[in-house]
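Everything below concerns the one structure shown next.
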Amino acid sequence: MKSLYIKNSLKTLGLASAIMLGTASCSDLLKETVVSSISNDYIATTPGFIAATNAAYTPLRSFYATERGLTMSEYGTDIYSAGADGSYKGFHFYDSQLTSSVVILAELWDETYKGINTINAVIDRAPSVTGMSDAVKAQRVAEMKYLRAHYYFILVQQFGPLDLRLKETTGPTKTATRATEQAVYKQIEADLLAAIPALENKKASSDFGRATKAAAENLLAKVYLTRASSKFAEATDYANAATLCNNVINNYGFKLLPDFDQVFDQANQVNDEVIFSVQYTNDPLTNGFIDNQGNKLHLYFGMQYDVQPGMQRDVVNGRPFKRLKPTTYLLNTVFADRVNDTRYKKTFKDTWLSNKPGTYNTTFDGSKATVTYKAGDTTIYIPGYEMTLAERAAKKYQVLVPSLYNYALFPTLKKFFDPLRPDMTYENGSRDYFVHRLADTYLMLAEASVKLGKQAEAVTAINAVRVRAAAAGKAENMKVTSVDMNLIMEERARELAGEQTRWMDLKRWGNLVERVKLYNSDAAANVADKHYVRPIPQKQVDLSENGGFPQNSGY
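Given below as C-alpha cells:
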C-alpha cells in the first residue's frame with residue numbers, strides 16, 4: 207500500500223505539476239517562456255499549499271531509481287564498468303562523450319531547481335496560508351527545508367559551486383552566480399538544523415513517504431561525513447555525524463532485518479530498516495514529470511539471458527539492458543568470502559530456469575555441443591568460480607564461469623527485480639527506492655568512528671551489518687576486531703552495491719581517480735581530477751549574463 211501522501215497527491219497532481227513548472231528553475235527562466243497560467247497567489251491558499259508541498263517531493267524521482275541518477279552514481283566506479291549496451295557511456299569511460307551537452311545533466315539540473323523554486327514559494331507563502339493549523343504548517347515548511355537541503359546536496363556533489371537560491375524566483379532572469387561549495391554546505395546544514403525540531407518525531411510519518419526527523423538526521427549525518435573530508439571541513443563534522451547516526455540507530459525503533467534478502471522483498475517495502483524512501487506506484491501519473499517512468503533500476507544490471515538456449519525474455523527474469531557489468535574487484539575481492547557471508551548469493555542471480563524448452567546448440571559453454579531442456583530445467587548456472595571443463599561437461603546446462611564473462615554475460619544484480627510489472631517489455635517499475643536505510647547508517651557511523659579514532663564504536667557498528675549477513679552458524683566468523691578505511695570501502699560495496707551510492711562515496715573519500723585506475727579497466731586511461739565534478743549544463747553557462755556562471759574546469 208502506498209502512502210496517503212501519494213494518494214492525496216494524485217488528486218492535485220495536475221495542478222501541482224503546473225505550480226512546479228510555473229515556478230521554474232533559473233535555467234528555464236532564462237528561456238523567458240511562459241509555462242503556466244496558474245496564479246502565484248494560489249500557493250497561499252490551503253489547497254494550493256497542499257498541492258505545492260506534495261509536488262516538491264517529485265524531483266526526488268528525477269534522480270533516484272532513474273537512468274540519469276544511476277548514471278551519475280554507479281557508472282565509472284571501482285565496482286561497476288560498462289555493459290554491452292546503453293547510452294551515456296561517457297560516464298563509464300570519462301571520455302569525450304562526457305560533455306556539457308549531455309541531456310541528463312540538464313534534466314537533473316532543471317528538475318531539481320524547479321523543485322527548489324517550488325520549495326522557496328511554499329516557504330515564502332506559508333505565513334499567509336489560512337485554514338491550516340500552525341503545527342501542520344510548521345511541519346510542512348520543515349519538510350520543504352529537508353527537501354531543499356536534499357536537492358542542494360545532490361547538486362553540489364555532482365556539480366560543485368552552485369547558484370544558491372533561497373527565495374522564490376517569480377520572473378525571467380539571466381542573473382546567476384556560483385556560490386562556493388562551502389556556502390552551499392552551510393545552507394544545507396542550516397536547513398536541516400531548522401527542519402529537525404519541527405519534523406515528526408517518529409519512525410515513519412503519519413503519511414508514509416513524508417520526511418521525518420529521523421530522515422533529516424540521517425541526511426545531515428551524511429552531509430557532515432561528506433564535508434568532513436573536504437577542504438572546508440569543520441572540526442566537529444565527524445563527531446556530529448557520529449552523534450546523528452547514533453540518534454537514528456537508537457531513538458526511533460529502526461532495526462536491521464534478520465535476513466539481507468528480506469530488505470529487497472517487494473512485498474515488504476515498508477519495513478523496519480527503511481528510514482526514508484522515494485515511492486513509486488504502478489500508476490504512471492505518480493511517478494515523475496519527465497517521462498512518468500517509475501523505478502527503472504530493474505532494467506540496467508541484467509545480462510543477456512534472453513537469447514540463450516532454452517530462454518526467452520519474461521517478467522520474472524527481467525528486461526536486460528546490459529548497462530552495468532560488475533568489475534573483477536567487486537566479484538573477486540569485495541565478495542571473496544562466500545562461505546561466511548551470504549551477500550554474494552543474495553546480491554547476484556546465479557540460476558536461470560528454462561521457459562523455452564527444446565534442444566539447442568550451446569552458445570558460450572564449449573564443454574558440450576548441445577543442450578536439451580524441459581520447462582523449468584536449469585539452463586544457465588553461474589558458479590562464481592572457474593569450474594573445470596570436465597565439471598562443466600558433466601552438467602546438463604551451460605555454465606558461465608568468470609573466464610567467459612563479457613560485456614553481455616556477467617553476474618546479474620537482483621536487488622531491483624520487479625516481478626509486478628504487467629508484461630515482459632514494461633519498463634516502469636513500481637518498487638520503492640530506499641534513500642536512507644539503516645545498514646547505511648551503521649556504515650556511516652563506522653566510518654565516522656574510524657576517523658575519530660574510536661575503534662570500539664567502529665567495530666560495533668560494522669559488525670552489526672556483517673553479522674546480519676552471516677550464513678547459519680557463521681556469525682562469529684563474520685565479526686571483525688578492528689576497522690580501517692579499506693574495510694569500510696569494501697563493506698559499503700558489499701552491502702550497497704548498485705544502490706546509487708558508490709560514485710559519491712569515492713568522491714567523499716577523495717580516491718575516485720586512484721580506485722578507478724586500479725579496478726576499472728574501461729575508465730582507467732581517461733579518468734582525471736576534473737571528473738570529481740560533472741560539467742555544468744551548457745545552456746546554463748551560455749544564458750547566464752556577464753559570464754556569471756562559468757563552466758567547470760576541464761570541460
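In case it helps, this note's numbering puts the sequence shown at residues 207 to 761.
Even for Gly, the Cβ is constructed at its ideal location relative to N, Cα and C.
What distance in whole Å lies between the Cβ atoms of K555 and T618, which are believed to be in contact at a cut-off of 8 angstroms? 5 angstroms
Run the CB neighbour count on Q475, radius 10 Å, all protein chains shown included, and call it buried at 16 or more, exposed below. buried
Does the distance from the CB of S307 to the CB of N488 come in under 8 angstroms? no
Taking the alpha-carbon of V342 as reference, which of Y391, L530, D735 and L405 has the nearest alpha-carbon? L405
Counting only the same chain and skipping the five closest in sequence on each side, list residues whose C-beta sits under 7 angstroms from that of K380. L236, L749, S750 and E751
First and last residue of the uninterrupted alpha helix (DSSP H) at F174: The chain is shown only over 207 to 761; residue 174 falls outside these bounds and no answer can be derived.
So, at 6 angstroms on beta carbons, what are the nonlocal neighbours of W715 in its own chain, with the 5 sequence-adjacent residues on each side left out? none
Can you grab the Cα-Cα spacing for the pair N323 / N260, in whole Å? 14 angstroms
Identify which residue in T553, R627, L702 and Y506 has its Cα closest to the Cα of T272. Y506
For V605, the three-state DSSP class (helix, strand or coil): strand
May I have the straight-line CA-CA distance separating K580 from A600, to the nearest angstrom? 18 angstroms
Check whether the segment 532 to 544 and the segment 279 to 296 touch, using three or more Cβ-Cβ pairs below 8 angstroms as the test. yes
A385 versus Y761: straight-line alpha-carbon distance, rounded: 19 angstroms
On the DSSP letters alone, give me the boundaries of the alpha helix (DSSP H) that F255 sits inside. T252 to A261
Closest to M630 by C-alpha separation, out of Q499, P265 and V522, would be which residue? V522
Does DSSP put K551 in a helix, a strand or coil? helix
Extent of the continuous beta strand (DSSP E) run through S287: Y286 to A288
Can you tell me whether DSSP reads Y444 as helix, strand or coil? helix
Determine contact between the segment 513 to 520 and the segment 551 to 568, defined as no fewer than three beta-carbon pairs at a distance below 8 angstroms. yes
Look up T383 in the DSSP assignment and say whether it is helix, strand or coil. coil
Below 8 angstroms, can you find three or more Cβ-Cβ pairs linking the segment 447 to 456 to the segment 672 to 683? no
Check the DSSP bridge columns for K574 and list the partner residues they point to. Beta-bridge pairing links K574 to no other residue.
Would DSSP call L693 helix, strand or coil? helix
Tell me the rounded alpha-carbon separation between K436 and A396. Before going on, a small fix: residue 436 reads as Ser here, not Lys. Taking the straight line from one Cα to the other gives about 18 angstroms.
Using DSSP's beta-bridge definition, name the partner residues of T533. In DSSP, T533 forms no bridge with anything.
Kindly indicate which residue of V607, R698, H642 and T418 has the alpha-carbon position closest to the one of I586. V607
Around the C-beta of F482, are 16 or more other C-beta atoms found within 10 angstroms, so that it is buried, or is it exposed? buried
Whole angstroms is fine: what's the gap from V747's alpha carbon to P756's? 6 angstroms
Give the single residue among A327, K736 and K713 whose Cα lies nearest to the Cα of T305. K736
Just grab the DSSP bridge partners of T618 for me. K555
What distance in whole Å lies between the Cβ atoms of V656 and A664, which are believed to be in contact at a cut-off of 8 angstroms? 5 angstroms
R627 lies in the alpha helix (DSSP H); which residues open and close that run? Unbroken run through R627: none, as it is neither H nor E.
Distance, Cα to Cα, Y611 vs M509? 10 angstroms
Distance, K428 Cα to T557 Cα: 37 angstroms
What residue range is occupied by the uninterrupted alpha helix (DSSP H) comprising Y648? L644 to K657
At what residue ranges does the segment 692 to 732 contain a whole run of the beta strand (DSSP E), taking only runs of 3 or more? none
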